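One structure is given below, encoded as structure tokens.
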Amino acid sequence: MNEQTYAQWSSLFLKVGNDPHGRQQLEPLLHAMADWLNGLPEGLGPRAVGTLLYNLQAMPSTPGTEAVLQAMAWHISKTPFLDAQAIGNALYGLQNMPSTDGTEEVLQAMAKHISPELSLSAQAIGNALYGLQNMSSTPGTEAVLLAIAEHISPELSLSA
Numbered sequence: 001m002n003e004q005t006y007a008q009w010s011s012l013f014l015k016v017g018n019d020p021h022g023r024q025q026l027e028p029l030l031h032a033m034a035d036w037l038n039g040l041p042e043g044l045g046p047r048a049v050g051t052l053l054y055n056l057q058a059m060p061s062t063p064g065t066e067a068v069l070q071a072m073a074w075h076i077s078k079t080p081f082l083d084a085q086a087i088g089n090a091l092y093g094l095q096n097m098p099s100t101d102g103t104e105e106v107l108q109a110m111a112k113h114i115s116p117e118l119s120l121s122a123q124a125i126g127n128a129l130y131g132l133q134n135m136s137s138t139p140g141t142e143a144v145l146l147a148i149a150e151h152i153s154p155e156l157s158l159s160a
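Right under this line is the structure:
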């Protein structure tokens, strides 16, 4: 299967993951996704990073979720560039996730992509901040917030 197929497949996480009975059934799929990610020799493209993490939103802390997060952190660190939409979508997908080694690794890897040279739209900033709500104060969370803060200035219009 290719990157796009798995990005679409990951949409099952979002749909089924919100059903308490479906979460148990997702565990084997999460492990299969982690195995696939770990078997890829190169990093994922920006769109796949954003989509895969977006579709994990509100997933409970399980070994499968943790395995996917850790695999994604490796891929994020190997991806040369993430655009504003991928960053916003990826961080949005972390909403309400507990503080785990996997979330911390993802946050640390994401922070490195939020450089001052990158142009973050108001939408990307909003999505990123929304995804960080309820996150524990960790070095990864703080690194992402500091990187995003560089993109917010008094002259910036957050409308539109």
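Last residue of the sequence shown: 160 in this note's numbering, with the numbers rising by one and none dropped.
Just so you know, even glycine gets a beta-carbon here, dropped at the ideal spot from N, CA and C.
Values in this document were obtained by computation on a predicted structure and should not be read as measured data.
Sub-8 Å separation of residue i and residue j beta-carbons
i, j, result
"SER121", "ALA84", "yes"
"GLU27", "GLY64", "yes"
"GLN108", "GLY88", "no"
"ASN38", "ALA71", "yes"
"HIS113", "LEU145", "no"
"GLU66", "GLY102", "yes"
"THR79", "GLY50", "no"
"PRO46", "ALA111", "no"
"SER77", "THR138", "no"
Which listed residue (the options) has its alpha carbon closest to that of residue i
i, options, result
"LEU91", "ALA67, GLN133 and TRP74", "GLN133"
"LEU29", "LEU56, ALA147 and LEU129", "LEU56"
"GLU117", "GLN25, ILE148 and MET59", "ILE148"
Three-state secondary structure assigned by DSSP to residue i
i, result
"SER77", "helix"
"HIS151", "coil"
"GLY131", "helix"
"GLU117", "coil"
"PRO139", "helix"
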